[in-house]
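Each position in the sequence shown, counted from 1, maps to that position plus 85 in our numbering.
Written out below as structure tokens is the structure these notes cover.
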Amino acid sequence: MNGYERCVAFVNGKETDRPPFMPLVIEWASRQCGLDYRDFIYKPDVRVKAYLDVVERFDIDCVLPDADFSEQLEDFGQIPVWSESAGYQVKPIINGPEDIDKLVIPEIRPGTRQGNRVEIIRRVAEHEKGRRYIFGICIGPFTEYCNARGMAKAMKEMVKDPDTLRKGMQVFFENGMNFIKAQLEAGADGIQIVEPDCSLISPKFYEANILPLHKKMVEEIQKHENGFARLHVCGDTSALMPYTLATGTRILDADSAVDLAKVTPLLGEGQVFCGNLDTADELLNGTVDIYPEAVRRRVEATGNRIILCSGCDVPPATPAENVIAFHDAVAALAR
Numbered sequence: 086m087n088g089y090e091r092c093v094a095f096v097n098g099k100e101t102d103r104p105p106f107m108p109l110v111i112e113w114a115s116r117q118c119g120l121d122y123r124d125f126i127y128k129p130d131v132r133v134k135a136y137l138d139v140v141e142r143f144d145i146d147c148v149l150p151d152a153d154f155s156e157q158l159e160d161f162g163q164i165p166v167w168s169e170s171a172g173y174q175v176k177p178i179i180n181g182p183e184d185i186d187k188l189v190i191p192e193i194r195p196g197t198r199q200g201n202r203v204e205i206i207r208r209v210a211e212h213e214k215g216r217r218y219i220f221g222i223c224i225g226p227f228t229e230y231c232n233a234r235g236m237a238k239a240m241k242e243m244v245k246d247p248d249t250l251r252k253g254m255q256v257f258f259e260n261g262m263n264f265i266k267a268q269l270e271a272g273a274d275g276i277q278i279v280e281p282d283c284s285l286i287s288p289k290f291y292e293a294n295i296l297p298l299h300k301k302m303v304e305e306i307q308k309h310e311n312g313f314a315r316l317h318v319c320g321d322t323s324a325l326m327p328y329t330l331a332t333g334t335r336i337l338d339a340d341s342a343v344d345l346a347k348v349t350p351l352l353g354e355g356q357v358f359c360g361n362l363d364t365a366d367e368l369l370n371g372t373v374d375i376y377p378e379a380v381r382r383r384v385e386a387t388g389n390r391i392i393l394c395s396g397c398d399v400p401p402a403t404p405a406e407n408v409i410a411f412h413d414a415v416a417a418l419a420r
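Here is the structure:
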């Protein structure tokens, strides 16, 4: 069974040799290949080569060629500032409600940041289509707005001026839908919707303002055969899960703070979790002997309804031997 077959069968509730192994390797992939991170971000050929190398070397069942949170916003005019001490920093592009009216939904074309991602998906698909499950990535509209406005001001608007926030989110939602379609056309099997900032809001606000947008994104992804949406929200999202699962997403990421045994009854038919190893204690600082128990605990807590993954991005300094040991513990389930 290859990675694509394993993922499709597992999510569809069919028998597999073992659960899929899908650690989130982003900057970690760049480090494993000894790359300058800016080259990894901005040069499609470099990123493609790095991901193809890492998924082969570490026998990962999917390819999810992500890089950074500015990939969509740079096409709206956001410019990262690089420094040796702090990596890249960005300034808001929405400094007041009037700036929302100035936003122009960008054309996704060769040489743009989003166009580069589409090209990366196309090249990955040439190598991995049907071998590993290929995920495109889309930053969700709420997180995009927070990154474009600045977190503190976005949070204040959520309380005092929600109409402005909703107006801004609509722009990023429309761009996100275009980006999703372009990646699927380029060869992505499914899409990960990345919404870490939703961990900061109430379930009530999510239900009223973001759930309707996520539902439309999920529907667009999942109208394709074996097209799975994978929704990612960081932190303890247990209280949000009745609503994030109500999007219809086939895969819901569960960070390490989530008590899997408590939330597993919320899963609907054809839905699975993905996670939830602790990125610091178990991956970055773990020892190779902990993974059989760590994997067994997640499988038992969910009744084997979890894709084995890190709760969030594998920290860049995580030892390669830990990821190998994690993989071997998952592979051992086949025996």
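Every residue gets a Cβ at the ideal spot worked out from N, C-alpha and C, and that includes glycine.
As the structure is a computational prediction, the values presented were derived from the model and not from experiment.
By the C-beta density criterion, G253 is buried, having at least 16 other C-beta atoms within 10 angstroms. The Cβ-Cβ distance between L351 and L330 falls below 8 angstroms. Within the model, the alpha-carbon separation for F258 versus D344 is close to 31 angstroms. In the three-state DSSP reduction, R194 falls in the coil class, being neither helix nor strand. The residues G200, in chain order, have a CB closer than 7 angstroms to that of R194 in the same chain once the five nearest residues on each side in sequence are set aside.
Taking C-beta separations shorter than 6 angstroms and ignoring five residues to either side along the sequence, the partners of G235 in its chain run P177, following chain order. Short of 7 angstroms from the beta carbon of G371, and not among the five residues preceding or following it, lie these beta carbons of its own chain, in chain order: N407. Rounded to whole angstroms, I164 and V175 show a C-alpha spacing of 6 angstroms.
Beta-bridge annotation (DSSP): D338 is paired with C359. If you keep only unbroken beta strand (DSSP E) runs of at least 3 residues inside the segment 211 to 240, you get 218 to 224. In chain order, A152 and D153 place their CB closer than 6 angstroms to the CB of I126, counting only its own chain and leaving out the 5 sequence neighbours on each side. The residue from S287, L362 and D398 with its alpha-carbon nearest to that of V244 is S287.
The Cβ atoms of V133 and V140 lie no closer than 8 angstroms to each other. Contact check for Y218 and Y136: beta-carbon distance about 13 angstroms, past the 8 angstroms limit, so the pair fails to qualify. Of the candidates S341, T228 and L269, the residue whose Cα lies closest to the Cα of Y291 is T228.
Cβ neighbours of K238 within its own chain (closer than 7 angstroms, five residues either side excluded): none. In terms of Cβ geometry, P104 and I375 do not form a close pair [threshold 8 angstroms].
In the structure shown, V166 falls within a strand segment according to DSSP collapsed to helix, strand and coil. DSSP places V279 outside any alpha helix (DSSP H); the residue lies instead in the beta strand (DSSP E), whose first and last residues are G275 to V279. Residues T349, L352, V357 and F358 of the same chain have their beta carbon placed closer than 7 angstroms to that of R390, with the five preceding and five following residues left out of the count. Secondary structure note for R315: its beta strand (DSSP E) is the uninterrupted segment A314 to H317. In the DSSP assignment, Q255 forms no beta bridge with any residue.
Looking at the backbone, the Cα of C231 and that of L298 are separated by about 16 angstroms. Nearest in C-alpha terms to F313, of all of Y328, E213 and T334, is T334. Sequence-distant partners of V256 (beyond 5 residues in either direction) whose C-beta falls short of 6 angstroms from its own C-beta, in its chain, are L188.
With a cutoff of 8 angstroms on beta-carbon distance, I336 and R315 are scored as near each other.
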